[in-house]
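Student: Position 136 (the sequence shown) corresponds to 231 in the working numbering; numbering is contiguous.
Where a beta carbon is used, it is the ideal one built from N, C-alpha and C, also for glycine.
Let me begin by handing over the structure; questions about it come next.
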Amino acid sequence: MVKVFQQTISFEYDWATFTKAIWQKYPNPFASHVLSSDVIDRQIDSETGVMTTTRLFLKRGILPAWGRHFLNVPEAFIIEKSIVDLRNQKMILVQKNLSHAKIMLVEERQTIHPNQNNPLSSTDIVQEGRFVSNTGWSAIKSRIESFGLNKFKDNTMKSSRGLLHVLEQLQKGPI
């Protein structure tokens, strides 16, 4: 059974500032689990101005005791593809794990756009997470997916605090 999560969070920052913070999110004090972040590819469509970027992250996670029986390596590579449409003020980020995907595939999608009620000074981020275990053992499959869902929920709060930290630093001057 696939587990899913969705939430929308509003930030009191304009879209341009908020999306700038996305690119400068790492490192921050709330993301010590992110070991590295590298841009692999970036292209800009000359007609539309839409920028597409692929980044690779190396992250470290904490496994529960029962999970160490299946996986002994706490690091994972994550691929992120992003699309930034300046004209329409929309940014889409899609991340998924490359490592350990048979045990659990985590797909995250974030859609970032100006808040409808306050578009000049507030930005919404719609976060969606999808968790699929392909272990083949139905008894453990649900437990793995539930672990991923619960960890994701916890991490969205840390991620928001990290973004706020970066946004505050941007207000002070260049990072």
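Run through the region 118-145 for me and flag every whole beta strand (DSSP E) of 3 or more residues, listed as ranges in chain order.
Tutor: Counting whole runs of 3 or more residues, the region 118-145 contains the beta strand (DSSP E) stretches 129-139.
Student: Should residue 205 be labelled buried (16 or more other beta-carbon atoms within 10 Å of its own) or exposed?
Tutor: With 16 or more other Cβ atoms within 10 Å, it is buried.
Student: Cα separation between residue 242 and residue 236?
Tutor: Going by the C-alpha atoms only, they are around 10 Å apart.
Student: Please list, in chain order, all residues of the same chain as residue 133 whose beta carbon is under 7 Å from its beta carbon, the five residues on each side excluded.
Tutor: Here the set comprises 150, 151.
Student: Which value, in whole angstroms, describes the spacing of the CA atoms of residue 136 and residue 177?
Tutor: Straight-line Cα distance between these residues: approximately 10 Å.
Student: In angstroms with no decimal places, state the Cα-to-Cα distance between residue 258 and residue 124.
Tutor: Using only the alpha carbons, I get a separation of about 10 Å.
Student: Relative to the C-alpha of residue 162, which candidate in 240, 264, 145 has its C-alpha closest?
Tutor: It is 240.
Student: Look at the Cβ atom of residue 194, then the Cβ atom of residue 165, and state whether they are nearer than 8 Å.
Tutor: Taking 8 Å as the Cβ cut-off, residue 194 and residue 165 do not qualify as a contacting pair.
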